[in-house]
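S.K.: Residue numbers (UniProt numbering): 1 to 1072. Below is the structure I would like to discuss, written out as structure tokens.
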């Protein structure tokens, strides 16, 4: 009987399974729109089920729909609505980019399923802000969870405005429907992968509609459950670990406007980021001077809390116990629920509770958090000492004061006392700092640091001027053993051979030994000041024999040593300290020429020859190799300089004897030119670029080539050929790009002048960071023949110099028509120029300068320098300052950026023009990872069209550029402006470490140089002062640049204004 029933029972069909709402709800999120559509075509009943059940569409992921991405190839697949929109000449930019996705959503609306969508995933798609506004405001949408991570063409400023408007107090009841927005993190994987370790039981083949009595629907459901369970557990664990683990920086630091948006949306819309709840953000808990504005938390500190109290003053956020807005939305987006609670819920701990969440912003934990091990101390448990040198006891400081006073030091006072320093230079003292110093200074780092610590720990007497002391070998051995033992206690093994190397240094005074050690450390360590300051002070506390400060080579370093040893000293009229010259190697002449005119006057007077000057700079290049600013040296430089010396005076050119560095972007005959790419490291051009020929004919001596990022595609120095270049003032920072080596070379006296290349700011940005004058001429005024291209319409070479007069001298040689570059025909639109005459009598009186305050940024030090400069301009020069603004500037800059549109085509066109490089293509270099992996612009530009004119965006971009030019030109005309001024960049030179960790990207770095570049106008950056970094106040002061923007072909006028600013402020930004 049972057998008969089994024979007559119908098999369980797919329709039967999906008709169970529970199964449908669990299965549908794993199916793409394409798969759902194919399934609906199988039968009418399936079609009715799929389009009629809300569970099918509650979670809609459009990431895999390529039609929703506007590629660079011609688009005509968006349906009738999209084609009609494309033919409308009144189409706005947002409508253009929203067309494909709007067509897809419109199609879903026509099928009556859009109303069911509660979770909408649009990660990586082309999603303009206007489309987001529709999703939030229109009744046909019922989206509660929206994901826009890595969305394209999304105007962030407009999105913030839309969100603020949607949560306004006067909004309609029960609006907005949106409750969760993912926008800060990276997008999730688009497909659910079957875990490699998952094994499914084999099942008999029963045909398309078949089933067996033993299998039925249970095995299918089990398979799906196994897939979803394993995969989702892995994904959720990754998303949760990011926030709830002790992971340090978990997201990039967003712009400050986002914090204001999250503050306004608090309790209404949740985000995949939260505001920092540290006590410094609560005005009721701190003094007004310590109060911080709302800031997004970017640092995950783990559930354990402070190292001392294991909690935090604001109390950790805990799921179900804390308000929802204190918990971030976790990735991936929940598949089966569209509630905020599901999105913020972490996994429970083994004891059944939920983990603590402690997040902070960088400002809150500066000086109390270790970036390496992520240990941290809260405000209640640790107050950062005023002096970073309180590692010494009061007894040690008292002993030191007695010895110093006995030896004749006039006035010595106590250093401020306080808690033991726990964090120094973003590393915890107890665990990470010593190891970092020992291992982080290169192959010789261990020995260098031990040398410094050893000699600092020796009992060196402080003697009066004229005397010197030596420490005998026995004493040195004793201290070596002491240091080795102390380091061994910290599990740092020091080979005995290293100690022997230290001891075998007869015939040198202790001051000379210590000075040599510090110089060696400064050459090798990425953070020399920190190494010297910390290890010298640490050595004092470790060695019982150490009581005295050490003789040293300069007053600046001496004051640092005294602070490091816990003493503040004030100079007397008779200093007992012996001053030593900073000469640690064999004596070499060092170039000290302040300008081209200065050097040429010395040559004319017979004080020096061109060959001798060239030799000075070549020695400087060799001596400062650690700056990594030069990729290749001209082996014939001395020979060429000697030939110049033999010329009679009446045959010498206007740049006679000028030692100059050329950016690696520009070709030089016989000197390797690699364009910053390791793929071209062996490329040696057979002929000079036109501008190099002009320089040689004018009497300049080409010293070599300077570093740059691959294909000039970055604001920084990161290069596959040369890695990173060091800043001339602070070696832990980047000099800016892409003319990185040119900026460092001139500022560090490796050359008297340099030639850079500017596409989006690559001359002006490093000039601003390094304290130089950098000029971007109107594209075409200087020939680009022999120069690799990034964006042909924006590329232009130009001078980087110490003074405006040097820049004018170079421009007089470089500017002019060249038959090899048809862009230079623009020179026929202006009368012959003499830039040196334009700056002979600079005057700002009566000039009208527009101040573009909307791009000043938030850096206090930079803004203080600019405010002081503006006050002097208005008070001391008689010029008139007018506040101006450019309407919708962020939109205009976004719409006129053509890197992705043109760069791939322009780079490949250049490569094809060089027979020896014609086998290379930028997309092939990208595919083989033959470029520095931090260059996100290369990742983007390889997606561009092979022929930019075939892109549907080309016409729009050209129209946007024209509109941008008309907008700014009307501001000039309405206000009768001579120029517009603003900071060259909104921040100081960034830390190299931050660049390598991708804290900054090419798309969000706050440089203002793009304004002049994308207008195709003239601009110059001139130094106006120095300030300290708000984030790193212990670092040396860094230069600040002021950019002066002028209309096309206005180089003479703009240089005259720059010369007036230079006269007012002083050369190099130093007050006259």
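Note that the Cβ used here is the ideal one computed from N, Cα and C, for glycine as well.
1) Can you tell me the Cβ-Cβ gap for residue 326 and residue 253, rounded? I've got them flagged as a contact below 8 angstroms.
2) Would residue 281 be called buried (16 or more neighbouring beta carbons within 10 Å of its own) or exposed?
3) Taking three-plus beta-carbon pairs below 8 angstroms as touching, is the stretch 993 to 1011 in contact with the stretch 1059 to 1069?
4) Counting only the same chain and skipping the five closest in sequence on each side, list residues whose C-beta sits under 7 angstroms from that of residue 249.
5) Considering just the uninterrupted stretch of the beta strand (DSSP E) at residue 776, what are its terminal residues?
6) Just to check my reading of the structure: residue 430 and residue 376 have Cβ atoms closer than 8 angstroms, yes? What is that Cβ distance to the nearest angstrom?
7) By how many angstroms is the C-alpha of residue 604 removed from the C-alpha of residue 775?
8) Going by the CB atoms, is the gap between residue 741 and residue 722 shorter than 9 angstroms?
9) Out of curiosity, what's the CA-to-CA distance linking residue 555 and residue 622?
10) I'd like to confirm the pairing. Which residues does DSSP put opposite residue 57 in its beta bridges?
11) With H, G and I counted as helix, E and B as strand and the rest as coil, what does DSSP make of residue 319?
12) Straight-line CA distance for residue 839 to residue 666?
13) Closest by CA to residue 1077, which one among 321, 988, 724, 278?
14) Residue 861 to residue 980, Cα distance in whole Å?
15) May I have the straight-line CA-CA distance separating residue 962 from residue 746, to the nearest angstrom?
16) Is residue 827 helix, strand or coil when you go by DSSP?
17) Taking DSSP's pairing of strands, which residues face residue 159 in a bridge?
18) Shortest alpha-carbon distance to residue 678 belongs to which of 45, 925, 383, 978?
19) Could you have a look at residue 377 and say whether DSSP puts it in helix, strand or coil?
20) Who are residue 147's beta bridge partners in DSSP?
21) Which partner residues of residue 852 appear in the DSSP bridge assignment?
22) Go through its chain and collect everything with a Cβ distance to residue 290's Cβ below 7 angstroms, but skip five positions before and after it.
23) Can you give me the C-alpha to C-alpha distance between residue 440 and residue 845, rounded to a whole angstrom?
24) Residue 605 by DSSP, collapsed to three states: which one?
25) I need the straight-line Cα distance from residue 970 to residue 140, nearest angstrom please.
26) Quick one: complete alpha helix (DSSP H) runs, 4+ long, within the stretch 674 to 728?
27) Is the beta carbon of residue 15 closer than 9 angstroms to that of residue 62?
28) In the DSSP assignment, the beta strand (DSSP E) including residue 660 goes from what residue to what residue?
29) Which of helix, strand or coil does DSSP assign to residue 1034?
30) Would you grab the beta carbon distance between residue 606 and residue 652 for me? Rounded to a whole angstrom, and I think it's under 8 angstroms.
31) Please list the segments of the alpha helix (DSSP H) lying wholly inside the stretch 315 to 367, counting only runs of 4 or more residues, in order along the chain.
32) Would you tell me roughly how many angstroms separate the C-alpha atoms of residue 643 and residue 1042, rounded to the nearest one?
33) In this structure, how does DSSP classify residue 67 when only helix, strand and coil are distinguished?
34) Take the Cβ of residue 309 as the centre, count every other Cβ of all protein chains shown within 10 Å, and call the residue buried at 16 or more, exposed below.
35) Considering Cα atoms alone, identify which of 835, 295, 676, 751 is closest to residue 257.
36) Please state the DSSP three-state secondary structure of residue 50.
M.R.: Well, looking at it:
1) For the purposes of this step, residue 326 is taken as residue 326 along the chain shown, with counting starting at 1. For the purposes of this step, residue 253 is taken as residue 253 along the chain shown, with counting starting at 1. Contact doesn't hold; Cβ gap of about 19 angstroms is too wide.
2) In the chain shown, counting from the first residue as 1, residue 281 sits at position 281. Residue 281 is buried by the Cβ-count criterion.
3) no
4) Position 249 of the chain shown, counted from the start, is the residue given in the question as residue 249. Closer than 7 angstroms at the Cβ level, and outside the excluded window around residue 249, lie 298, 299.
5) By 1-based counting over the chain shown, the position of residue 776 is 776. Its beta strand (DSSP E) spans residues 773 to 776.
6) Locating residue 430 in the chain shown gives position 430, where the first residue counts as 1. Locating residue 376 in the chain shown gives position 376, where the first residue counts as 1. Contact doesn't hold; Cβ gap of about 13 angstroms is too wide.
7) Numbered from its first residue, the chain shown carries residue 775 at position 775. Numbered from its first residue, the chain shown carries residue 604 at position 604. Cα-Cα distance, rounded: 28 angstroms.
8) Here the question's residue 722 lines up with position 722 in the chain shown. Here the question's residue 741 lines up with position 741 in the chain shown. For residue 722 and residue 741, yes; Cβs fall inside 9 angstroms.
9) Numbered from its first residue, the chain shown carries residue 555 at position 555. Numbered from its first residue, the chain shown carries residue 622 at position 622. Confidence at residue 555 is low in this model, with a pLDDT of 35, below 50, so the placement of that residue should be treated as unreliable; the coordinate-derived value is given next. Between residue 555 and residue 622, the C-alpha separation is close to 26 angstroms.
10) Here residue 57 corresponds to residue number 57 of the chain shown, with the count starting at 1. According to DSSP, residue 57 bridges with nothing at all.
11) Translated into the one-based positions of the chain shown, residue 319 becomes position 319. Reduced to three states, the DSSP call for residue 319 is coil.
12) To locate residue 839, count along the chain shown from 1; it is residue 839. To locate residue 666, count along the chain shown from 1; it is residue 666. Each residue's alpha carbon lies about 28 angstroms from the other.
13) Residue 1077 falls outside the range modelled here, since the chain spans only 1 to 1072, and no answer is possible.
14) Residue mapping note: residue 861 aligns to position 861 of the chain shown, counting from 1. Residue mapping note: residue 980 aligns to position 980 of the chain shown, counting from 1. Rounded to whole angstroms, residue 861 to residue 980 spans 21 angstroms at the Cα level.
15) If you number the chain shown from 1, residue 962 lands on position 962. If you number the chain shown from 1, residue 746 lands on position 746. Answer to the nearest angstrom: the Cα atoms are 36 angstroms apart.
16) Taking the first residue of the chain shown as 1, we reach residue 827 at position 827. Residue 827: helix per DSSP, three-state reduction.
17) Within the chain shown, residue 159 is the residue found at index 159, counting from 1. Answer is none; residue 159 lacks a bridge partner.
18) Your numbering for residue 678 matches position 678 in the chain shown. Closest by alpha carbon: 925.
19) Counted from its first residue, the chain shown places residue 377 at position 377. DSSP places residue 377 in coil when its eight states are reduced to three.
20) Within the chain shown, residue 147 is the residue found at index 147, counting from 1. In the DSSP output, where bridge partners are listed per residue, residue 147 has 121, 182.
21) Here the question's residue 852 lines up with position 852 in the chain shown. DSSP, once it has assigned bridges, lists 884 as partnering residue 852.
22) Stepping through the chain shown from its first residue, residue 290 is reached at position 290. The residues are 280.
23) As a working mapping, residue 440 is identified with position 440 in the chain shown. As a working mapping, residue 845 is identified with position 845 in the chain shown. In this prediction, residue 440 has a pLDDT of 40, which is less than 50 and means its spatial position is unreliable; what the coordinates show is noted afterwards. Using only the alpha carbons, I get a separation of about 53 angstroms.
24) Residue mapping note: residue 605 aligns to position 605 of the chain shown, counting from 1. It is coil, neither helix nor strand.
25) As a first step, residue 970 must be located in the chain shown, where it is residue number 970. As a first step, residue 140 must be located in the chain shown, where it is residue number 140. Taking the straight line from one Cα to the other gives about 42 angstroms.
26) 690 to 697
27) As a first step, residue 62 is located in the chain shown; it is residue number 62 there, counting from the start. As a first step, residue 15 is located in the chain shown; it is residue number 15 there, counting from the start. Result no, Cβ atoms of residue 62 and residue 15 do not sit closer than 9 angstroms.
28) Mapped onto the chain shown, residue 660 falls at position 660. Residue 660 -> beta strand (DSSP E) spans 659 to 663.
29) By one-based count along the chain shown, residue 1034 stands at place 1034. Note: residue 1034 maps to coil in three-state DSSP.
30) Mapped onto the chain shown, residue 606 falls at position 606. Mapped onto the chain shown, residue 652 falls at position 652. Not a contact, Cβ separation roughly 14 angstroms.
31) 340 to 344, 362 to 365
32) Against the chain shown, residue 643 aligns to sequence position 643. Against the chain shown, residue 1042 aligns to sequence position 1042. Cα-Cα distance, rounded: 40 angstroms.
33) On the chain shown, residue 67 is found 67 positions in, with the first residue counted as 1. It is helical.
34) The residue given as residue 309 occupies position 309 in the chain shown. Per the 10 Å Cβ criterion, exposed.
35) Residue 257 sits at position 257 when you count from the first residue of the chain shown. Here the closest residue by C-alpha is 295.
36) On the chain shown, residue 50 is found 50 positions in, with the first residue counted as 1. Three-state DSSP puts residue 50 in a helix.
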